[in-house]
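**Q** My structure is below; once you've seen it, I'll send some questions.
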Amino acid sequence: AAPVPAELLDDLNPAQRAAVEHHGRPLLVVAGAGSGKTRVLTRRIAYLLAARDVHPGQILAITFTNKAAAEMRERVAGLVGRRAGAMWVSTFHSMCVRLLRREAKTLEMTSNFSIYDADDSRRLMTLVGRDLDLDPKRYSARALTAHVSNWKNELIDPEDAAASAASDFERKAADAYREYQRRLAQAGAMDFDDLIMRTVELFQAFPDVAEHYRRRFRHVLVDEYQDTNHAQYTLVRELVGTAPTETGVAPSELCVVGDADQSIYAFRGATIRNIEEFERDFPDARTILLEQNYRSTQTILSAANAVIARNPGRRDKRLWTDAGDGERIVGYVADNEHDEAAFVAGEIDALADRGEATYSDVAVFYRTNNQSRVFEEIFIRLGLPYRVVGGVRFYERKEVRDALAYLRVLANPEDTVSLRRILNVPKRGIGDRAEAVVATHAERERISFAAALRDAVEGRIPLLNTRSQKAVGGFVELLDGLRELVDEGADVADVLEAVLDRTGYRAELEESKDPQDASRLENLDELVTVAREFTEFAQTVLAESGAEDAGDEPEAGVPEPGSLPAFLERVSLVADADSIPSPDGGADGADGGTDQGVVTLMTVHTAKGLEYPVVFCTGWEDGVFPHLRALGEPKELAEERRLAYVAITRAQRRLYVSRALVRTAWGQPMSNPASRFLDEIPEELLDWRRQAPSRDSGSPRAATTWGRRPGTGADSAQAGLAAGGMRTTSFQGFGTGRRGDAWKSTVALKLDVGDRVNHDKYGLGTVVATEGAGPRATATIDFGSAGTVRLMLIGSVPMVKL
Ligand code: ATP
Ligand code: MG
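Just so we're aligned, residue 30 is where the sequence shown starts under full-length UniProt numbering, counting upward by one.
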């Protein structure tokens, strides 16, 4: 092997270095926040390539966020150049989609399967519940899908679920599960949990397939290991193997890094059990502990340690830093949430004025998405540039979902949920009764809903009246016409335009007097733009590359670039729940970004793995954070405390913690007591900018009337946001750091004039100009002899910044 470049190991401490250089048996790095786990993972990849003659194509790295994936790619590319493109760096879901599309034949399913997100799943479950005559009050679609999801995360199939059902509810839920799976299959669709479970099934049922991937991925690395669930854990184990295969393929090298104190997805089935299972399944595993924190000041670290120490049954860690004490933590007790937001905004302004922080140095955290609205209002009023990560997103808007449902039906005619979504949208005289008649026919004949629609047209459903039959005929004809366009190879954007025009969707909105419809039109225009750019981008790349791929293998499993399935796949994955900001902010939104960047607003969950010089932790009130539903539930409370630990440990230099005495929730002013986590921070670390009138002696704890609050919070919170509507920058296009980044660098690249890049096709270049923002950001790049090219910076960009 080549000599190891010094910069690969020089700035690592001995434990980190040991993890990077470790050879052979499985490696588990468990360590507290900011101790360099992610750095170790990245460095290890670079080291494998540089010092151990590993080929990039042999590396599979699983990250929780796309930002981490992009960083990893950038660093590795700096080292090995374009060869980095052959690495798989992705989230679990992206990786599974890719595997399943490649191996669809083996599983006897279509490689064009639709991916159902949470909303689609719930819709499908609603249909299932109706069919099974389940009382929607007792058996809500939400509860049923949650149950099914838990089963899938534990790799329990419908039969096992039925066999082990211990209560009436579980028995019904197991019935629903079976029916739900049947309908998914019929619709050629998978939900997010299926992606993982089916991949595990694939590996377990087809050892030769598993062996193929084991042969290929000799190195598997997993970040944020504490947040994997049982299914994901099993997937990893199947992939790397615990013993040589019959044909003698040794297990692959496995390296996982995590922190049990940052496990914050137990509600999604993530389990610390994975660490125990790891030690059981890989008895010869080596464990390395990291103890030095490089991120935060001692004050911040002490606060985090004090809070997490209250959790029972954890392994204590000795995390230290030599960064010095730094500033004390600033505490603030606000009169109400508006006052709290005003305080935060004022502080940010002051820090910026004093030159102590730029806007992009700052992050504001809250517990649930709905809490962002108050901050947004005041930020807008004061002209503070900001960006909200998460919340009601572009792809969750009704009109966007409707339009996408048309595209999905065009790509996959059997996609029942999408088909039924658009059946009478816009209204075309196919009422609920007609839909029910068709659905019943489909059930009785055991055919798909799509097939039943054709039967309807041919008059084979006697119960359907002539008017409905005609309406259905019109609908089927409309779809056939649109599908012809697709078959002729029309661009996605043209197909989308045709959908909006031929269905009358656009005309209806144009004629409406409702101002909200105007913004819906804008959103649809935006979607067309996205599709247009998607196509243009694919064409540029194809034209320049002579349509051949630089990868190691023909990219089976990846839809043809620019095609409708490729577009839909990207959208599905991009729209998925965990959205990741680029913490360096940057002027990348319609948010008036300046050279100061923008302030980032997000939930604590979203902030995992990230770091910011200045962090505001807001809403630290019992009932808000910890969340209402965790009060009195020791397990959930422990998870909330881990979340608090995550929040505090994101801060590098300055930390603010605030709460409001009164906060309006569900239309009622509620007086909230201080968060118990706030009380757990040692007093001497805090500098109270403003205290409660008499610090918590007359704590309103007693006066709180939780009973009045309807719902469980999360749902209502979501509803509250949906009603809000206005957002400055909620649009996040392709790969602005969502799960969709898959296997090329699809995270939006942030480039400035003068930056050096390396493009898969054009090679080395220098940025000469940049234009536009967000999904429209482009850069003009001088690639020397390869010419000067203008490129979109979002989408599947096979390019890295050097
Ligand atoms: P988290 O638990 O929050 O995911 P982590 O353990 O993954 O944190 P990193 O994000 O890898 O920690 O590192 C935290 C910060 O410390 C980063 O800015 C990283 O560059 C820096 N860092 C890590 N190790 C070192 C080191 N040996 N020398 C200097 N800086 C380091
Ligand atoms: Mg990390």
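Ideal Cβ positions, reconstructed from N, Cα and C, are used throughout, including at glycine. These figures come from a predicted structure and were not determined experimentally.
Thinking C-alpha only, which one of 252, 226, 134, 158 is nearest residue 179?
**A** Counting from one through the sequence shown, the residue named residue 179 turns up at place 150. The shortest C-alpha separation from residue 179 is found at 226.
**Q** Can you give, in chain order, each stretch of the alpha helix (DSSP H) that sits fully within the segment 141-187 and has at least 4 residues?
**A** The qualifying runs are 147-160, 170-182.
**Q** For the alpha helix (DSSP H) holding residue 81, just list the boundary residues, first then last.
**A** Start at 1 with the first residue of the sequence shown, and residue 81 comes out as number 52. From DSSP, residue 81 is part of no alpha helix (DSSP H); its letter is neither H nor E.
**Q** Answer yes or no: the CB of residue 647 versus the heavy atoms of the ligand MG, is any distance below 7 Å?
**A** Here residue 647 is taken as the residue at index 618 of the sequence shown, counted from 1. Flag unset: Cβ of residue 647 not near the ligand MG.
**Q** Would the segment 301-308 and the segment 31-43 be scored as touching if the rule is three or more Cβ pairs under 8 Å?
**A** The segment 301-308, when compared against the segment 31-43, does not touch it at the 8 Å Cβ threshold.
**Q** Specify whether the segment 350-369 and the segment 705-725 touch according to this definition: at least 3 beta carbon pairs, one from each stretch, less than 8 Å apart.
**A** Yes, the segment 350-369 is in contact with the segment 705-725.
**Q** Is DSSP giving residue 279 helix, strand or coil here?
**A** Looking up residue 279 in the sequence shown gives position 250. The answer is coil: DSSP assigns residue 279 none of H, G, I, E or B.
**Q** Below 7 Å CB to CB, which residues in the same chain sit around residue 451 once its five sequence neighbours on both sides are set aside?
**A** For the purposes of this step, residue 451 is taken as residue 422 along the sequence shown, with counting starting at 1. If we look at residue 451 and ignore the five residues flanking it on each side, its Cβ neighbours are 431, 434, 435, 438.
**Q** Give me, in chain order, the residues of the same chain whose beta-carbon lies closer than 8 Å to that of residue 576; leave out the 5 immediate sequence neighbours on both sides.
**A** Counting from 1 along the sequence shown, the entry for residue 576 is found at position 547. Bear in mind that a pLDDT of 40 at residue 576, under 50, signals an unreliable position, so the model cannot answer this.
**Q** Please name the residue or residues paired with residue 247 in a DSSP beta bridge.
**A** Taking the sequence shown and counting its residues from 1, one reaches residue 247 at position 218. Beta-bridge pairing links residue 247 to no other residue.
**Q** Using only the alpha-carbon positions, how far apart do residue 592 and residue 521 sit?
**A** Mapped onto the sequence shown, residue 592 falls at position 563. Mapped onto the sequence shown, residue 521 falls at position 492. Approximately 7 Å between the Cα atoms of the pair.
**Q** In the DSSP assignment, find the unbroken beta strand (DSSP E) run with residue 629 in it and report its ends.
**A** Residue mapping note: residue 629 aligns to position 600 of the sequence shown, counting from 1. Where residue 629 is concerned, the enclosing beta strand (DSSP E) stretches over 628-632.
**Q** Would you check if there are 3 or more beta carbon pairs closer than 8 Å linking the segment 646-665 to the segment 697-708?
**A** The segment 646-665, when compared against the segment 697-708, does touch it at the 8 Å Cβ threshold.
**Q** Taking the beta carbon of residue 731 as the centre, do at least 16 other beta carbons fall within 10 Å, making it buried, or is it exposed?
**A** Position 702 of the sequence shown holds residue 731. Confidence in residue 731 is poor, its pLDDT being 32 and thus under 50, which makes the residue's placement unreliable; the coordinate value appears in the next sentence. Exposed, by the Cβ-count rule.
**Q** Using the three-state DSSP reduction, which class does residue 314 fall into: helix, strand or coil?
**A** What you label residue 314 is simply residue 285 of the sequence shown in a count that begins at 1. Coil, per DSSP.
**Q** Okay, do the segment 192-212 and the segment 227-238 touch, 3+ Cβ pairs below 8 Å being the bar?
**A** Result no; under three Cβ-Cβ pairs closer than 8 Å.
**Q** On the premise that residue 636 lies in contact with residue 679, defined as a C-beta separation below 8 Å, what is that separation, rounded to the nearest angstrom?
**A** Numbered from its first residue, the sequence shown carries residue 679 at position 650. Numbered from its first residue, the sequence shown carries residue 636 at position 607. Yes, residue 679 and residue 636 are in contact; Cβ-Cβ is about 5 Å, under 8 Å.
**Q** Could you have a look at residue 566 and say whether DSSP puts it in helix, strand or coil?
**A** Reading the sequence shown from its first residue, position 537 is the one you call residue 566. In the structure shown, residue 566 sits in a helix (DSSP, three-state: H, G or I).
**Q** Are the CB atoms of residue 51 and residue 315 nearer to each other than 8 Å?
**A** Along the sequence shown, one-based indexing puts residue 51 at 22. Along the sequence shown, one-based indexing puts residue 315 at 286. In this structure, residue 315 lies closer than 8 Å to residue 51 by Cβ.
**Q** Cutting at 8 Å between CB atoms, please list the residues of its own chain near residue 817, excluding the five before and the five after it.
**A** Within the sequence shown, the letter at position 788 stands for residue 817. Cβ within range, chain order: 797, 809, 810, 811.
**Q** Taking 7 Å as the cut-off, is the CB of residue 120 close to at least one heavy atom of the ligand MG?
**A** As a first step, residue 120 must be located in the sequence shown, where it is residue number 91. No, the ligand MG has no heavy atom inside 7 Å of this Cβ.
**Q** Under a three-way DSSP split, which group does residue 611 fall into?
**A** In the sequence shown, residue 611 corresponds to position 582, counting from 1. Note that residue 611 scores a pLDDT of 33, beneath 50, so its modelled location is shaky; the value from the coordinates is reported in the next line. The answer is coil: DSSP assigns residue 611 none of H, G, I, E or B.
**Q** Under the rule that 16 or more other beta-carbon atoms within 10 Å means buried, what is residue 369, buried or exposed?
**A** Taking the first residue of the sequence shown as 1, we reach residue 369 at position 340. Counting Cβ neighbours within 10 Å, residue 369 comes out buried, since at least 16 surround it.
**Q** What separation, rounded to the nearest whole angstrom, lies between the Cα atoms of residue 722 and residue 690?
**A** Against the sequence shown, residue 722 aligns to sequence position 693. Against the sequence shown, residue 690 aligns to sequence position 661. Roughly 10 Å between the two C-alpha positions.
**Q** Buried or exposed, going by whether 16 or more other CB atoms sit within 10 Å of the CB of residue 123?
**A** Residue numbering aside, residue 123 sits at position 94 when the sequence shown is read from its first letter. It counts as buried.
**Q** Nearest to residue 269 by CA position, among 244, 800, 291, is which residue?
**A** Against the sequence shown, residue 269 aligns to sequence position 240. Here the closest residue by C-alpha is 244.
**Q** Need the endpoints of the beta strand (DSSP E) that residue 800 sits in, please.
**A** Position 771 of the sequence shown holds residue 800. Note, residue 800: beta strand (DSSP E), 792-800.
**Q** Considering just the uninterrupted stretch of the beta strand (DSSP E) at residue 830, what are its terminal residues?
**A** Within the sequence shown, residue 830 is the residue found at index 801, counting from 1. Element bounds for residue 830: 828-830.
**Q** Entirely within the segment 301-378 and at least 3 residues each: give me those beta strand (DSSP E) ranges in chain order.
**A** Runs found: 315-319, 358-365.
**Q** For residue 687, which beta-bridge partners are listed by DSSP?
**A** Position 658 of the sequence shown, counted from the start, is the residue given in the question as residue 687. Paired residue(s): 361.
**Q** Say yes only if the C-beta of residue 795 is nearer than 7 Å to one or more non-hydrogen atoms of the ligand MG, and no if none qualify.
**A** Position 766 of the sequence shown, counting from 1, holds the residue named residue 795. Checking the Cβ of residue 795 against the ligand MG gives no.
**Q** How many whole angstroms separate the CB atoms of residue 389 and residue 643, which I take to be in contact at a CB cut-off of 8 Å?
**A** To locate residue 389, count along the sequence shown from 1; it is residue 360. To locate residue 643, count along the sequence shown from 1; it is residue 614. Not quite, the Cβ-Cβ distance comes to about 10 Å (not below 8 Å), so this is no contact.
**Q** Consider the C-beta atom of residue 300 and the heavy atoms of the ligand ATP; say whether any pair is separated by less than 7 Å.
**A** Taking the sequence shown and counting its residues from 1, one reaches residue 300 at position 271. Residue 300: no, Cβ never under 7 Å from the ligand ATP.
**Q** CB-CB under 8 Å to residue 242, same chain, minus the five flanking residues each way: which ones, in chain order?
**A** Locating residue 242 in the sequence shown gives position 213, where the first residue counts as 1. These residues qualify, in order along the chain: 128, 232, 268.
**Q** Mapping DSSP to helix, strand and coil, what is residue 213?
**A** In the sequence shown, the residue the question calls residue 213 occupies position 184. In the structure shown, residue 213 sits in a helix (DSSP, three-state: H, G or I).
**Q** Would you report the Cα separation of residue 35 and residue 518, rounded to the nearest angstrom?
**A** By one-based count along the sequence shown, residue 35 stands at place 6. By one-based count along the sequence shown, residue 518 stands at place 489. Rounded to whole angstroms, residue 35 to residue 518 spans 52 Å at the Cα level.
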